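S.K.:
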Amino acid sequence: MAWMQLMLAGVLETLATTFLKLSDGQKHLIPTVLFYLFMLCSVLLMAHTLQKLPMGTAYAVWTGVGAVGTTLVGTLWFGERCRGRRVFFLLLAATALVGLRLLP
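So the sequence shown is numbered by my numbering: it starts at -4 and just counts up by one.
#1: Return helix, strand or coil for TRP(-2), following the three-state DSSP convention.
#2: As an exercise, report each continuous beta strand (DSSP E) stretch of at least 3 residues that is fully enclosed by the region 33 to 97, in chain order.
#3: I need the straight-line Cα distance from ALA53 to THR44, nearest angstrom please.
#4: Determine, using beta-carbon pairs with one atom in the region 11 to 22 and one in the region 57 to 76, whether at least three such pairs fall under 8 Å.
#5: Let me check understanding here. Comparing Cα to Cα, which of GLY51, LEU98, LEU29, VAL38 lies closest to ALA4?
#6: Which same chain residues, not among the five before or five after VAL0, have their C-beta less than 7 Å away from its C-beta?
#7: Evaluate PHE30 with the Cβ neighbour count: other Cβ atoms within 10 Å of its Cβ, from every protein chain shown; 16 or more gives buried, anything less gives exposed.
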């Protein structure tokens, strides 16, 4: 259950970052409010998972899911470039996240 909550916290971080981009420097009210809402939910879920998982592992997975998710959103939705070495290192990060999950 803690791992599912941690993954959800990472997805919420991705959503928060997406709405931060859409807020255009917090100039638009609705995306700005959604940014704060998703970030608050992400941090609260992360805090909850720290009761069950090691802090270093939880933080690495939380930020890793957020980084990979944000890059995917940036590439697919905002047309940001993602090729070559960036793809390689994102796949490496995703592999590391799976590896952390498999550790006892």
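Where is the CB? At the ideal position from N, CA and C, for every residue including glycine.
If you're wondering where the values come from, they're calculated on a predicted model, not measured in any experiment.
M.R.: Well, looking at it:
#1: helix
#2: none
#3: 7 Å
#4: Inter-segment contact for the region 11 to 22 and the region 57 to 76 is present: three or more beta-carbon pairs are separated by less than 8 Å.
#5: VAL38
#6: In the sequence under discussion, the amino acid at residue 0 is Gln, which differs from the Val named in the question. So the list reads LEU40, HIS43, THR44, once near-sequence residues are dropped.
#7: Residue environment for PHE30: buried (at least 16 other C-beta atoms within 10 angstroms of its C-beta).
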